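Peer 1: I have a structure I would like to understand better, so I am pasting it below and will then ask my questions one at a time.
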Amino acid sequence: MVICGCITTNTLPPSREAMDAANATAEGIFQSFNSGDYGQFSANLSAEMKAGINESNFQGMREQIRAKYGGYRSKSVPEASVAQGYNNFIYNCNFDGGTLKIRLVMSPANASIIDGLWFPEGITGGNNANPPTSKPEISWLNLLSGLGMIVVGVGAMVYWYFRKRINPIYFFAGGVLWAVAIAIKLIMDLTISSGLQLQVMTAFTPLLAVVVLGFYYGLRTGIFECGIPYLAVRYSRLSERLGFGEAVALGIGFGGTEAVLLGIVALASVAALLLTPGGVERLPASVLEQFSLIMVPVPILERFLTIFIHTFAIVLVVYAVKRNDFRWLVLSIIYKTLVDGPVPFFYQYPAGMGMSGTVIMELYIAVLAAVGLIGLIWISERWPSGRLAGAR
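Written out as C-alpha cells, the structure is:
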C-alpha cells in the first residue's frame, strides 16, 4: 500500500469500463435534479462529498439549477481525462432552458464513486457555484516528500551495508524481486483488475464490495510479493550462504527500491504540476489536501515504516526455506495480505475524513511495522546456522 500523495497526470483517456461507470453514476446525479431525491443524488458520493453536501445543500443547489435551467433532459458524451488515477468527466447537460456544464471527478478506488462535483461556468452565469475556500497552491517544498523517500530507501541500504558489510548483490537482488512482483501486479491492473472491480461494485453492496476487493488486492500482494522471492531463494543461487544479515539485506533491497522509485515518481509529478499552468486546478479537493506542508513528512514516514514491513516479510520467506517449513511462507503471505487488504476500505472511508483519516491509515502501517520489527528480533535469535535445508 502506498499512502503517499504521489500526484501523476495521464494524457490517456479513462478506460471504457470507467467511462460506463461514470456515465451511469452521472445520469443518477442529473436525474436527481428532477426528482429532488437526495438519496438518489448521494448514493454514489464519497464519504467526504456526503459530508460536504448534505440534503439542505443539495436542495439549495437543485433550486438554483431549476430556477435557471428548468428540468434536466440529457447529457453529452463527456470530455474525459485522468489525473492521479482520478477520472475527470465534463458533461454538457441539456435542460429545458439551456445547457449547463458539470464536471465529475471519480474515485481511483471505485470508478462509480464521486470524489468531486463542480460547475466550471457556474450555475447562474457567474463564478463557480461551489468555489474552493482557498486557492490551491503547491510549493517547491512539496518536493521534499519525494527527496525524503529516496533518502529513506538509499539510507536503509547504506546503513545495513556498513553495519554488516553485506555484499551489495543482495540489495540488488531484492530490488529485482520487487520489480518482478510489481510488474505482474501491473499487468493484472491493465488487464483484469479494473473489470473485476467494476463487476464487484455492481454485484455487491458498497461495504461487501470493499471486503471482496480487499481480499483480492491483499492476497494478490501476499502471493506475488512473497511467493516470487520464495521461489527465487529456494531454486536459485540466492540459497547459498544466505544468513540472517543477507536475508535482511534482501528485504531492505525490496522495500528500499520501492521507496526510491516512488520518490522519483513523486518528484517528477510535483515538478510537472509546478511547471504546468492549470495543472493543480484539475485535481479534486481530496488530492489537493495532500499538498499541505504539514503532509510533507507523511510519505517519508510511511516509506520508513514499510521498510520494516517488507524486510520482515522477506525474512519470513527465507526462514521458510531455511527451516524447510512451508508454514512460515504462509505466515509471510498473510502478513503481506494484511498490508494491502484494507486499501479499498481506506480509500472508501478514512480517506474522506481529511487529516483524521490520514492519521488512522498511518497508525495502521505503524502497527504492522512494529510487528515486523519485533518479528525480526525474534527470528534473529532463532536463525539456523549452516546451509539451507534441502540446498543443493
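Everything in the sequence shown is counted per my numbering, starting at 43 for the first residue and increasing by one. Cβ coordinates follow ideal geometry from the N, Cα and C atoms, glycine included. Computed from a predicted model, the values in this text were never measured in an experiment.
Tell me whether the stretch 370 to 384 and the stretch 350 to 357 touch, counting them as touching only if at least three CB pairs, one residue from each stretch, are closer than 8 Å.
Peer 2: yes
Peer 1: In the DSSP assignment, what residue or residues form a beta bridge with K143?
Peer 2: N134
Peer 1: For A122, which residues does DSSP report across the bridge?
Peer 2: F131
Peer 1: Look at the Cβ atom of N86, then the Cβ atom of I156, and state whether they are nearer than 8 Å.
Peer 2: Taking 8 Å as the Cβ cut-off, N86 and I156 qualify as a contacting pair.
Peer 1: Going by CA-CA distance only, name the one from S57, N209 and V409 that's closest to L284.
Peer 2: N209
Peer 1: For Y361, count neighbouring C-beta atoms within 10 Å of its own C-beta (all shown protein chains included) and say buried if the count is 16 or more, exposed if not.
Peer 2: buried
Peer 1: Taking DSSP as the reference, what is the three-state secondary structure of L284?
Peer 2: In this structure, L284 counts as coil in the three-state DSSP scheme.
Peer 1: Start and end of the beta strand (DSSP E) containing S116?
Peer 2: Y114 to K117
Peer 1: Can you tell me which of S281, W370, I402 and V372 puts its alpha carbon nearest to the alpha carbon of V452?
Peer 2: Residue 452 falls outside the range modelled here, since the chain spans only 43 to 434, and no answer is possible.
Peer 1: In whole angstroms, give me the CA-to-CA distance for A310 and A89.
Peer 2: 30 Å
Peer 1: Can you grab the Cα-Cα spacing for the pair A274 / L280, in whole Å?
Peer 2: 7 Å
Peer 1: Measure the Cβ-Cβ separation of L315 and R345 and say whether it is below 8 Å.
Peer 2: no
Peer 1: For L183, I'd like the list of residues in its chain whose CB is within less than 8 Å of its CB, leaving aside the five on either flank, ordered along the chain.
Peer 2: L335 and V338
Peer 1: According to DSSP, is W425 helix, strand or coil?
Peer 2: coil
Peer 1: So that I know if they touch, is there some Cβ in chain B lying closer than 8 Å to that of I180?
Peer 2: Within the model displayed, chain B is absent; a lone protein chain is all it includes.
Peer 1: In three-state DSSP terms, what is I349?
Peer 2: helix
Peer 1: Is it right to say D231 is buried, meaning 16 or more other beta carbons lie within 10 angstroms of its own, or is it exposed?
Peer 2: exposed
Peer 1: Sort out for me which residues DSSP pairs I156 with in a bridge.
Peer 2: L87 and M148
Peer 1: So, at 6 Å on beta carbons, what are the nonlocal neighbours of V312 in its own chain, with the 5 sequence-adjacent residues on each side left out?
Peer 2: Around V312, the same chain offers N184 and L185 as residues with beta carbons nearer than 6 Å, after the five sequence neighbours per side are excluded.
Peer 1: Tell me the rounded alpha-carbon separation between R365 and G256.
Peer 2: 31 Å
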